[in-house]
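Undergrad:
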Amino acid sequence: MTAIPSFTDLQQSLEQNWHLSWEGHGGVDVQLVEVNEGVAMNRRFECYSAVFRQPAGLQLPQYTYLLHSPAKMQWPVMLTPIGPDEDGEHHLLQAVFHCRRPVEAAIADTQ
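For the sequence shown, counting from 1, position 33 maps to 114 in our numbering; every step adds exactly one.
#1: Pick helix, strand or coil for T83, following the three-state DSSP scheme.
#2: Could you check the C-alpha separation between H172 and V132 for me, to the nearest Å?
#3: State the DSSP-derived secondary structure class of V184, mapped to helix, strand or coil.
#4: Which residues bound the beta strand (DSSP E) around Q155?
#5: Quick one: residues in its chain with C-beta nearer than 6 Å to the C-beta of Q38, no 5 flanking neighbours on either side, listed in chain order?
#6: Have a look at the DSSP bridge pairing and note the partners of F126.
#7: May I ask you to verify whether the region 133–148 touches the region 104–115, counting CB pairs closer than 8 Å and requiring at least 3?
Take a look at the structure:
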């Protein structure tokens with residue numbers, strides 16, 4: 082298992098339900114609604130983000146949650162509230178990943 086979900090992990094599960102859990106709580110299901118590429122500081126790094134829609138009426142705080150994918154993978158991920166979605170009924174959480182690219186990808190970019 083990798084330390085964080087990859088851009089591909091996230092893209093492949095777009096619009097699917099994921100699960101958030103935390104110590105002392107069984108957690109909640111959230112829907113992955115956006116996966117975006119960001120701007121990395123240089124070619125050795127990659128940057129991307131994921132936005133999750135919470136159930137109506139729920140507004141979770143910034144926290145490091147255990148994020149469970151539909152493929153039964155799990156990672157500790159800090160999620161930050163970014164406000165309501167367009168309909169105003171669901172609040173959104175965002176994770177931003179800025180990390181070293183896999184060695185193979187970094188080598189391919191230099192060729």
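Ideal Cβ placement from N, Cα and C applies to all residues, glycine included.
TA: Taking the geometry as given:
#1: Note: T83 maps to coil in three-state DSSP.
#2: Straight-line Cα distance between these residues: approximately 10 Å.
#3: Helix at V184.
#4: In the DSSP assignment, Q155 falls within the unbroken beta strand (DSSP E) covering Q155 to P165.
#5: Nothing can be reported for residue 38, as the shown portion of the chain is limited to 82 through 192.
#6: According to DSSP, F126 bridges with R181.
#7: Segment contact: the region 133–148 against the region 104–115, three or more CB-CB distances shorter than 8 Å; contact assigned.
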